[in-house]
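Asks:
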Amino acid sequence: MIEYVSCSEHELIVNAREKYDDFLLFSEEAIILLTKSFVSVHPKCDVFLLFFSQIQKALTLSLLATIRKHDVQSSLMLRIALESSIYAGYALDKTNVFDFVNIDENGFAHENENVKKKALKWIDDNYNHFSITFKNYKDMINSSAAHSNILSAFNNFSIGIKDSITINLFDNDSTEMVKERLWWIGNITFCIVDFLRTVIKDYPMVKLYDNFNQELFDISRLNDFLEDQLLKNPNYKRTRDIQIHSGE
Numbered sequence: 631m632i633e634y635v636s637c638s639e640h641e642l643i644v645n646a647r648e649k650y651d652d653f654l655l656f657s658e659e660a661i662i663l664l665t666k667s668f669v670s671v672h673p674k675c676d677v678f679l680l681f682f683s684q685i686q687k688a689l690t691l692s693l694l695a696t697i698r699k700h701d702v703q704s705s706l707m708l709r710i711a712l713e714s715s716i717y718a719g720y721a722l723d724k725t726n727v728f729d730f731v732n733i734d735e736n737g738f739a740h741e742n743e744n745v746k747k748k749a750l751k752w753i754d755d756n757y758n759h760f761s762i763t764f765k766n767y768k769d770m771i772n773s774s775a776a777h778s779n780i781l782s783a784f785n786n787f788s789i790g791i792k793d794s795i796t797i798n799l800f801d802n803d804s805t806e807m808v809k810e811r812l813w814w815i816g817n818i819t820f821c822i823v824d825f826l827r828t829v830i831k832d833y834p835m836v837k838l839y840d841n842f843n844q845e846l847f848d849i850s851r852l853n854d855f856l857e858d859q860l861l862k863n864p865n866y867k868r869t870r871d872i873q874i875h876s877g878e
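If you use this note's numbering, the sequence shown closes out at 878, no skipped numbers anywhere.
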C-alpha cells in the first residue's frame with residue numbers, strides 16, 4: 631500500500647508544474663527567498679536559528695502536502711510556520727535559551743510554560759499589525775483544519791455509479807482550489823518574511839543579503855497579480871461560494 635501511495639504522490643508532484651504554473655512558482659519563490667535571506671547571524675541568535683529552521687521545514691512540507699492533495703496536513707504545517715515565526719522574532723529579543731525551556735531535576739528539557747503567552751504579548755505590543763494578521767491566518771486554519779470536522783471529511787470520499795462510495799486518500803480539491811492553496815502558502819510566507827525583516831531592523835543581529843528588498847518587491851507584485859487572477863476566475867468564485875455557504 632505504501633508503495634502505491636508513494637507512486638501516486640510522485641505523479642502528482644511531477645504534473646504539478648504544468649498544472650499550477652505561476653501559483654506553484656510563487657509559493658516556491660517565496661519559500662526560497664525566506665531560506666536564502668540571511669547571510670550572517672550573530673552567535674547569540676542560536677534560538678532564532680532553531681525556530682527559523684522550523685519555519686522553513688513547515689512551509690516546505692505545507693507546499694508538498696498541497697500538491698499531493700493533503701489539505702489538512704498542509705494547513706497544520708502552515709500553523710506551525712506561523713507559530714514558529716512569532717517565536718523566531720521573540721528570540722531576537724530574548725536570546726537566552728532558558729527563556730524558552732526549563733530543565734527538570736532529571737535533566738530533561740521542557741518548554742517554559744509561560745513562553746507562549748510572553749511571545750504573543752511581545753508581538754502584540756511591538757508589532758501589532760503582524761500580530762493581527764498572524765491571528766487571522768491561524769483562526770482561518772483552526773476553523774477548518776485544526777480539528778476533525780465534517781467539512782474536511784467530505785474531501786475523503788467520492789460517489790460513483792449506483793451511489794457506490796469510494797474512500798480517497800487524496801483530497802477531491804479542484805485545480806482552482808489547489809491554486810488558491812498555493813497562493814495562500816506564498817502569501818503567508820511573504821508575510822513571515824516581511825515580519826522577520828521588520829524585527830531585524832530593531833534587533834540588527836542578522837544581516838540580509840544585498841538584493842533582498844528588490845526580490846521581496848518582485849514577489850509582492852506576483853502575489854498581487856495571482857490574487858487578481860484568482861478573483862477573476864468564475865470557477866474559483868463558484869468553489870468559494872460553495873465553501874462559504876457550507877459554513878467554512
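Here a beta-carbon is modelled for each residue, glycine too, at the ideal position from N, C-alpha and C.
With distance defined between alpha-carbon atoms, name the residue in LEU861, PHE842 and GLN859 nearest to ALA660.
Replies: Looking at the Cα atoms, PHE842 is the closest of the given residues.
Asks: Bridge partners for LEU838 per DSSP, in chain order?
Replies: Note: LEU838 sits in a beta bridge opposite PHE668.
Asks: Please confirm whether GLN592 and ALA695 have their CB atoms less than 8 Å apart.
Replies: Not covered by the structure: residue 592. The range shown for the chain is 631 to 878.
Asks: Under a Cβ-count criterion, where at least 16 other Cβ atoms within 10 Å of its own Cβ denotes burial, should PHE847 be classed as buried or exposed?
Replies: With fewer than 16 Cβ atoms within 10 Å of its Cβ, PHE847 is classed as exposed.
Asks: Report the option in TYR634, VAL808 and MET631 whose CA atom is closest to the CA atom of ASP701.
Replies: Measuring from the Cα of ASP701, the nearest candidate turns out to be VAL808.
Asks: Going by the CB atoms, is the gap between PHE682 and TRP813 shorter than 8 Å?
Replies: Going by C-beta atoms, TRP813 is not nearer than 8 Å to PHE682.
Asks: In chain order, what residues of the same chain lie with their CB nearer than 6 Å to the CB of THR725, ignoring the 5 residues before and after it?
Replies: LYS674, listed in sequence order.
Asks: With 16 as the cutoff for other CB atoms within 10 Å, does LEU693 come out buried or exposed?
Replies: So LEU693 counts as buried.
Asks: From LYS831, PHE855, ARG851 and ALA646, pick the residue whose C-alpha is nearest to that of PHE668; which is it?
Replies: When only C-alpha atoms are compared, the closest one is LYS831.
Asks: Could you pull the start and end residues of the beta strand (DSSP E) that GLU741 belongs to?
Replies: Element bounds for GLU741: 739-741.
Asks: Please report the distance separating the alpha-carbon of LEU838 from that of MET631.
Replies: Each residue's Cα considered, the two are about 45 Å apart.
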